[in-house]
Amino acid sequence: MKTWRRHTLTGYSWLMLVFLYLPIAILMIYSFNDSRINAVWSGFTWKWYLSLFDNRQVMQALGNSLSIGIISSVLATVLGTAASLAVKHYSARWRTVVNGLVYLPIVIPEIMMGLALLVLFSQIHMELGKATLIMAHVTFSMPYVMVIISARLADMGKELEEAAQDLGATPWETLRYVTLPLIMPGVVAGFLMSFTLSLDDFIISFFVAGPNSTTLPLYIYGLVKRGVSPEVNALSTLLIASTVLLVVVAELFRRKDSKTITY
């Protein structure tokens with residue numbers, strides 16, 4: 001009976017993986033199709049990638065995504081790190097309250113957050129553009145940074161910081177020479193995670209983007225509305241590959257972070 005259950009769960013897991021990733025694999029394969037019709041395979045080609053990089057609108061959307069992602073990730077990492085360090089010194093009661101508020105942007109639907117941010121920017125008469133996109137991306141990225149760094153701080157404990165202070169280190173020296181080096185892998189992982197979230201975001205960006213701040217996911221959506229072409233497949237393949245790479249690097253830093261706890 002245990003063997004039957006194990007095989008059933010294994011088969012179900014593989015079916016779910018195939019269901020999730022088979023459409024992505026087909027999209028990536030047809031990005032190398034020589035025909036403009038996705039239903040017919042006419043041979044292998046790189047021309048859709050070459051024409052994609054010759055497209056000025058694509059390059060502008062890519063530049064917007066990269067600039068917005070880098071700026072928002074840096075801000076989210078700095079603010080998330082500072083907030084995590086502050087929450088660490090709260091009492092258990094207030095730490096629970098703050099952690100609940102931190103998790104709230106993660107669990108609420110993105111469409112609600114996008115609509116709320118749009119209403120906020122409209123009420124303060126702020127023109128939609130790169131600034132609103134950066135603020136929105138910082139809003140939903142910072143909680144992920146806090147979760148990663150807070151977990152690292154919890155594993156680190158207080159012993160090393162207390163030992164540094166007993167040896168005469170000031171609070172700033174303790175932060176600079178003890179705390180930050182120990183949590184740096186978590187900081188890097190948080191930055192990479194927030195950059196990945198910013199690069200992939202569509203729903204919130206759809207609400208708060210202006211006419212001259214189209215990001216790559218928004219541009220892909222516009223292409224799909226006019227009909228799926230191999231250029232869309234090529235662009236989606238590059239976006240998926242870059243996202244997977246960043247997630248893998250972030251996971252490597254997270255694992256390194258969990259293995260370098262030294263007392």
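Those letters in the sequence shown? Residues 1 to 263, by full-length UniProt numbering.
Just so it is clear, CB atoms sit at the ideal spot from N, CA and C, and this is done for glycine as well.
Please read all numbers here as calculations on a predicted model, not as lab measurements.
Endpoints, alpha helix (DSSP H) assigned at His-89
No alpha helix (DSSP H) contains His-89, which DSSP labels as neither H nor E.
Using only alpha-carbon positions, find the residue among Leu-50, Ile-149, Ile-68 and Val-40 that is nearest to Val-78.
Ile-149
Locate the alpha helix (DSSP H) running through Asp-155, then write down its first and last residues.
130-156
Can you find the residues in the same chain that come closer than 7 Å, C-beta to C-beta, to Asn-212, ignoring five residues on each side of it along the sequence?
Gly-129
Per DSSP, which one or two residues make a beta bridge with Asn-33?
Phe-44
Once DSSP output is grouped into helix, strand and coil, what is the label at Thr-3?
helix
Just the Cα atoms here: how many angstroms apart are Val-138 and Phe-44?
41 Å
To which residues of the same chain is Ile-261 closer than 6 Å at the C-beta, ignoring the five residues directly before and after it?
Confidence at Ile-261 is low in this model, with a pLDDT of 49, below 50, so its placement is unreliable and no value can be given for it.
Per-residue DSSP class, three states only, for Thr-81:
helix
Candidates Ala-25, Ser-141 and Arg-5: which alpha carbon is nearest Leu-81's?
Residue identity check: residue 81 is Thr in the sequence provided, not Leu. Comparing Cα-Cα distances from Thr-81 to each of Ala-25, Ser-141 and Arg-5, the minimum goes to Ser-141.
Using a Cβ distance threshold of 8 Å, determine whether the region 203-211 contacts the region 111-118, with at least three qualifying pairs required.
yes
So is Leu-15 buried or exposed if we call it buried at 16+ other beta carbons inside 10 Å?
exposed
If contacts are defined as beta-carbon pairs under 8 Å, then Leu-192 and Phe-202 qualify, I think. What distance do you get, rounded to the angstrom?
At roughly 19 Å, the Cβ-Cβ gap does not stay under 8 Å, so Leu-192 and Phe-202 are not in contact.
Residues of its chain near Met-28, where Cβ-Cβ distance is below 6 Å and the 5 sequence neighbours each way are ignored:
Thr-237
Would you kindly work out how many angstroms separate the C-alpha atoms of Leu-52 and Leu-223, rounded to a whole number?
12 Å
Classify Ala-25: buried if its beta carbon has 16 or more other beta carbons within 10 angstroms, exposed otherwise.
exposed
Neighbourhood of Ser-31 by C-beta distance below 7 Å, restricted to the same chain and skipping five residues each side:
Trp-48, Pro-230, Asn-233, Ala-234 and Thr-237
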